[in-house]
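Structure first, then comments.
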Amino acid sequence: MKLLLPLLVAAASPLHADPFLTYENRPLGTADAPLLISTYLPDPSLDPAVFAHHHVGEAVRKYSPEKGVDLPGYESPIPGVPAALAVNFGKDLSYVFDTVECRPLYAWQGGFLDFTPYWGDVVRGSRVSFDYVPRLVGTVFQKASGGHPISIDDKAADADGPLQYVGYKLEKGVPRFTVKSGKHLLKVKITPGKEPLSCHYEWSSEPPAKLVYKEGDFTASGDGKVEFDYKGKSLADFNGYQVKLDLSKPNVKAGNALFGNYGCATCHSTDGAGGHGPTLAGLANSTVELEGGATAKADTEYLLEAIRNPNAKIVKGYPPNYMPPFAALPDVEVKSLVLYIQSLPKPE
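For the sequence shown, my numbering assigns the number -11 to the initial residue and increments by one for each residue that follows.
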């Protein structure tokens, strides 16, 4: 959807501490120190019915601040969701909470947000003109649809009009959001789930009331409190802001940039450190232990297959189906990634 965006105010801060973030276009929190960012956020093709109380912007005349006059043509609204908060627990979970609709909008895993178009390129330092919206990084597994998902005593939470956002309170660094529906205060806390593509919800009401949560085919209920694990499925993969690269032929420099663009670093370190995926430091031409007791040499063919079809050979100690397949990537991109991996030395 396209929403008329006022002057942007973006803030990023660890929820448990005072220090500012350092300059990093792809900030990440952790499970113990989640990160909250208040800015305009992407719309990953959400159901328009979700935005029942948002105002939709219209195209406006182009304007020259230097001349102080209108120019020929019109400027379309920047596509983004205002008045929303993004919370990140590292690669385990990210979600967006909308303070207008007073509900979570979508959740994803594997990364967070890429601020390159707004904060600027790390090398060049310049931002993209007329682009205030960061790009998603990771796999979206839940998207809101229809009206508000909570009903109170068998009545839709927004049946009598829009809910009112009250604020959030930190509980050991994790935000619990509070919204008002009539005489009830609804509170929700969302944390990472135990399985891939899942998250844990806690909804409660004051005063206590019968709560029913319904999102698509999923339903959960409780008296005064409804708590559940939501297990989703891969709905869409996002790779952040796509920087223009020289891909006339495979090359290490392009592979390095693609490694960042596709969020590979969220799971694979390049210095030997552990993570959700095997480190890539010194991987090339090494012997890899696989689940089931077999081994494989990490030659060029192995690396190509590992990118295009990661489930073909599962590295010992790592779960299947965690890394999405990149079978649709052009050959020149996959080969550039392989060249970059082959350039990484063994950790000292």
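In this text, a Cβ means the ideal position worked out from N, Cα and C, and glycines have one as well.
In this text, all values refer to a predicted model and were calculated from it rather than measured experimentally.
Between N297 and P184, the C-beta spacing is not below 8 Å.
In the three-state reduction of the DSSP assignment, C255 falls in the coil class. In terms of Cα proximity to D211, the closest of A284, D141 and K221 is D141. G99 and L158 have their C-alpha atoms roughly 22 Å apart.
Partner residues in the beta bridge of K175, as assigned by DSSP, are T166 and S192. If you draw a straight line from the Cα of G68 to the Cα of A286, it comes to about 42 Å. In the structure shown, the three-state DSSP call for V128 is strand. Of all alpha-carbon atoms in V162, I66, A145 and V44, the one lying nearest the alpha-carbon of Y28 is that of I66. Boundaries of the beta strand (DSSP E) harbouring E63: V57 to E63, taken from the DSSP string. With fewer than 16 other Cβ atoms from the protein chains shown falling within 10 Å of its own Cβ, L59 counts as exposed. Per the C-alpha coordinates, the member of V303, N299 and T288 positioned closest to K323 is T288.
In this model, Y189 and D259 are separated by some 35 Å (Cα to Cα). Between H41 and V88, the gap from beta carbon to beta carbon is short of 8 Å.
According to DSSP, residue pairing for F216 in a beta bridge involves Y189. DSSP places D142 in the coil class of the three-state scheme, outside both helix and strand. Under DSSP, D225 shares a beta bridge with T127. For S33, the secondary structure class from DSSP, reduced to helix, strand or coil, is coil. With respect to the C-alpha of D20, the residue from Q330, E277 and T179 having the closest C-alpha is T179. Assignment of T267 by DSSP, reduced to helix, strand and coil, places it in the coil class. The Cβ-Cβ distance between G263 and H256 falls below 8 Å. DSSP, reduced to helix, strand and coil, places P312 outside both helices and strands of the structure shown, so it counts as coil.
Taking a contact to require three or more Cβ pairs closer than 8 Å, the region 314 to 332 and the region 228 to 242 qualify as touching.
Within the region 269 to 308, the runs of beta strand (DSSP E) that reach at least 3 residues and sit entirely inside it are, in chain order, 275 to 277 and 283 to 285. For A47, the secondary structure class from DSSP, reduced to helix, strand or coil, is coil.
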